[in-house]
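Taking full-length UniProt numbering, the leading residue of the sequence shown gets 1, the next gets one more, and so forth.
Where a beta carbon is used, it is the ideal one built from N, C-alpha and C, also for glycine.
Computed from a predicted structure; not experimentally measured.
As structure tokens, the structure follows; a few thoughts come after it.
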Amino acid sequence: MKNTFSILFIAFLFVGCQQNIKPVDISKINGYWEIEKVVFDAGKDKNYGMNESYDFFKIDNNKGIRKKVMPQLDGTFLVNDVYESVTVRFADDKVFLDYSTPYMKWSEELIALSAEELVLLNKEKIEYHYKKTTPINLLGDGKTAK
């Protein structure tokens, strides 16, 4: 009985701490995100130091794109024409990002979202933790990136 109560208490605590993401929060996704770590279902973590590419999101009215961009030392990004269409879907008190390309479709659950943090969960129960990032400018030329 004592173990059952403990398990229920922990379950309620976990559910109570889960972020409730609202439609107004979705605009926080827009911008550049650098992967910080990946948490696998078995509890293992893979931490990332420096990344060669960032994920760029541009979402308006629950539709938009995600594309990979490569930061350059002058504060610009190398980009190509490859992107994934993104649709935000609200279902059963959860938020999903539905992706599509000409070749496939998939979804990720939006677990946490703030101005500085983004956490996505895929169907394999792998969590992707991102941190908001800005362009790098090591040249010190005073120019700002677009």
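Mark residue i as exposed unless 16 or more other C-beta atoms lie within 10 angstroms of its C-beta, in which case mark it buried.
{"i": "Phe-14", "result": "Residue confidence is low: Phe-14 scores 43 on pLDDT, short of 50, so the model does not pin down where it sits. No coordinate-derived value is stated."}
{"i": "Ile-26", "result": "buried"}
{"i": "Glu-23", "result": "At residue 23 the sequence reads Pro, which differs from the Glu that was named. By the 10 Å Cβ count, Pro-23 comes out exposed."}
{"i": "Leu-97", "result": "buried"}
{"i": "Val-95", "result": "buried"}
{"i": "Leu-78", "result": "exposed"}
To the nearest angstrom, report how far apart residue i and residue j are at their CA atoms.
{"i": "Val-39", "j": "Glu-108", "result": "14 Å"}
{"i": "Ile-111", "j": "Leu-118", "result": "8 Å"}
{"i": "Leu-113", "j": "Asp-74", "result": "29 Å"}
{"i": "Arg-89", "j": "Thr-76", "result": "32 Å"}
{"i": "His-129", "j": "Asp-45", "result": "10 Å"}
{"i": "Ile-65", "j": "Glu-124", "result": "23 Å"}
{"i": "Ser-53", "j": "Lys-67", "result": "10 Å"}
{"i": "Thr-134", "j": "Asp-92", "result": "33 Å"}
{"i": "Ile-21", "j": "Ala-42", "result": "26 Å"}
{"i": "Ala-115", "j": "Ile-35", "result": "15 Å"}
{"i": "Gly-31", "j": "Tyr-48", "result": "19 Å"}
If residue i and residue j are in contact, beta carbons under 8 Å, what's the gap, nearest whole angstrom?
{"i": "Asp-60", "j": "Trp-33", "result": "Asp-60 to Trp-33, Cβ: 17 Å. No contact."}
{"i": "Pro-71", "j": "Ile-136", "result": "5 Å"}
{"i": "Thr-87", "j": "Lys-63", "result": "5 Å"}
As an exercise, report each continuous beta strand (DSSP E) stretch of at least 3 residues that is fully enclosed by the UniProt domain "Lipocalin-like" (29–120), in chain order. 31–39, 45–47, 54–60, 63–71, 84–91, 94–100, 105–113
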